[in-house]
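S.K.:
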Amino acid sequence: MSWKLVLALALVARPAPLIAQNGNGNGGGTTRLAGRVPAAALPAIDSILAAAAAESLPTEPLVQKALEGGAKNIPADRLVNGVRRGLLQLRQARAIISHAVPGQSPPEGHVAAVAAALARGLSGPIVERLITVAPDEPPGPALHAAADLVAHHFDPDSAADLLVEAHNKGLRGVRLLDVAVAADHELQRPGGRTPSEALAHVRAMLPNVRPGRP
613 MSWKLVLALA LVARPAPLIA QNGNGNGGGT TRLAGRVPAA ALPAIDSILA AAAAESLPTE
673 PLVQKALEGG AKNIPADRLV NGVRRGLLQL RQARAIISHA VPGQSPPEGH VAAVAAALAR
733 GLSGPIVERL ITVAPDEPPG PALHAAADLV AHHFDPDSAA DLLVEAHNKG LRGVRLLDVA
793 VAADHELQRP GGRTPSEALA HVRAMLPNVR PGRP
């Protein structure tokens with residue numbers, strides 16, 4: 613795992629203050645977005661950011677999505693739709709966390725991490741299972757690890773099984789990302805291991821998985 617991913621996880625776990633997130637402190641993001649996204653998209657994006665702030669949802673992921681779209685010269689209508697989709701994912705993320713850990717107000721960083729996992733294609737049930745295993749820990753590393761495994765064509769349920777077992781054997785935080793890296797390495801070894809064989813091999817070495825980051 614690269615140092616850039618470690619930094620990204622740290623930023624997800626530590627949300628910025630609302631004023632810094634929104635640019636003008638009242639739900640708008642025009643201060644940070646002006647000149648960096650199509651002008652035609654700014655009113656709609658500002659409205660989406662205001663809705664997120666009114667619902668006490670983190671706005672920084674939406675700002676970053678808009679900035680990314682602007683950097684890629686995505687047309688205004690597509691960019692707005694992407695930011696709006698991000699808001700829906702944030703709402704879904706909070707609902708998943710509230711169901712997995714009832715009676716608690718989920719931190720913004722947790723909501724952002726779950727929304728990022730949903731955007732990467734993890735299903736709600738897989739996300740909820742990984743949160744339930746460690747309700748008092750930031751979910752970002754486990755979710756990133758699961759999304760990495762799924763991206764490498766491992767079965768989602770089997771990937772979650774491996775991460776749950778790794779957690780139960782004492783691996784926490786970014787060490788779960790090492791588990792995903794180890795599984796990918798096993799998949800790429802000469803000899804043609806299948807995904808299920810790669811997962812079984814990593815499971816057999818738990819908790820002694822080598823660090824996959826510098």
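Counting in my numbering, the sequence shown runs from 613 upward without gaps.
We put the CB at the ideal spot given by N, CA and C, even for glycine.
Just so it is clear, the structure is predicted and the values come from calculations on it, not from any experiment.
For Lys845, is the classification buried or exposed, using 16 other Cβ atoms within 10 angstroms of its Cβ as the cut-off for buried?
M.R.: Given that the chain is displayed from residue 613 to residue 826, the structure contains no residue 845 and the question cannot be resolved.
S.K.: How about the region 691-699 and the region 708-720: do they share at least three Cβ pairs that are nearer than 8 Å?
M.R.: no
S.K.: Could you tell me the boundaries of the alpha helix (DSSP H) in which Asn837 lies?
M.R.: Any question about residue 837 goes unanswered here, given that the chain covers just 613 to 826.
S.K.: What's the C-alpha gap between Val649 and Val713?
M.R.: Val649 and Val713: Cα-Cα distance of roughly 37 Å.
S.K.: Could you check how far apart the C-beta atoms of Leu674 and Ile686 are, in whole angstroms? I think they sit under 8 Å.
M.R.: 14 Å between Cβ atoms; not a contact.
S.K.: By a C-beta neighbour count over all protein chains shown, 10 Å radius and 16 as the cutoff for buried, is Asp658 buried or exposed?
M.R.: buried
S.K.: In or out: Thr671 buried (at least 16 other Cβ within 10 Å) or exposed?
M.R.: buried
S.K.: Between Ala725 and Ile738, how many whole angstroms is the CB-CB distance? I'm expecting something under 8 Å.
M.R.: About 14 Å separates the Cβ atoms of Ala725 and Ile738, ruling out a contact at the 8 Å cut-off.
S.K.: By alpha-carbon positions, which one of Thr744, Ala754 and Arg690 ends up nearest to Ser710?
M.R.: Thr744
S.K.: Take Ala656 and list the residues in its own chain whose beta-carbon comes closer than 6 Å to its own, dropping the five residues that flank it on each side.
M.R.: Val692
S.K.: Among Leu730, Ala683, Gly715 and Ala688, which has the Cα closest to the Cα of Leu699?
M.R.: Leu730
S.K.: What number of angstroms, rounded off, separates the C-alpha of Asp760 from the C-alpha of Val786?
M.R.: 13 Å
S.K.: Of the choices Pro823, Arg732 and Ser770, whose alpha-carbon is the least far from that of Thr806?
M.R.: Ser770
S.K.: Sorted by chain position, which residues of the same chain lie with C-beta nearer than 7 Å to Asp796's C-beta, five sequence neighbours on each side aside?
M.R.: His764
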